[in-house]
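J.:
What follows is the structure, given as structure tokens:
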């Protein structure tokens, strides 16, 4: 079982995440590459919500291949190109995350490999086997 750390000496998290998670010995670890908002048919939606949904659906598929789920995700790193896309990204992230909430970082970047990409998401997951 993962142990949650939100010490009283540290400001509460801004959203649905925890400051720290401790994974017990013997856990399987999965690290994903950053997933972009591009579908199998090479379509890239114009808005961050649709792109973030593609990112999280791709991560869901990768987790399933590893016999894991979002309950096993311990860390999410999100990257968006516009500060105003923060709430839309967070709404999608919050729909996918499960308890215990993972630790989370969101960074605003100047761009990705193609200008039409608005968001990229990577995760780390751990499951006791």
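Numbering (this note's numbering), first residue to last: 199 to 327. By construction, the Cβ of each residue, glycine as well, lies at the ideal position given by its N, Cα and C atoms.
Residue 212: buried (16+ other C-beta within 10 angstroms of its C-beta) or exposed?
T.: Residue 212 comes out exposed.
J.: Could you check the C-alpha separation between residue 230 and residue 209 for me, to the nearest Å?
T.: 29 Å
J.: Just the C-alpha distance for residue 316 and residue 295, rounded to the nearest angstrom, thanks.
T.: One C-alpha to the other measures close to 20 Å.
J.: Excluding the five sequence neighbours on either side, which residues of its own chain have a C-beta within less than 8 Å of the C-beta of residue 216, listed in chain order?
T.: 202, 203, 204, 298, 299, 300 and 301
J.: Fully enclosed by the stretch 220-253, which beta strand (DSSP E) runs are 3 residues long or longer?
T.: 225-229
J.: Return the bridge partner residues of residue 326 from the DSSP annotation.
T.: 225
J.: If you run the structure through DSSP and keep just helix, strand and coil, what is residue 268?
T.: Residue 268 carries a helical assignment under DSSP once its states are collapsed to helix, strand and coil.
J.: Looking at residue 226 and residue 327, is the spacing between their C-beta atoms short of 7 Å?
T.: Annotated as proximal: residue 327 and residue 226, with beta-carbon spacing under 7 Å.
J.: Apart from the five residues on each side of it in sequence, which residues of its chain come closer than 6 Å, Cβ to Cβ, to residue 269?
T.: 296
J.: Can you tell me whether residue 291 is buried or exposed? The criterion is at least 16 other CB atoms within 10 Å of its CB, across all chains shown.
T.: With 16 or more other CB atoms across the displayed protein chains lying within 10 angstroms of its CB, residue 291 is buried.
J.: So residue 266 packs on residue 325, CB below 8 Å; how close in whole Å?
T.: 5 Å
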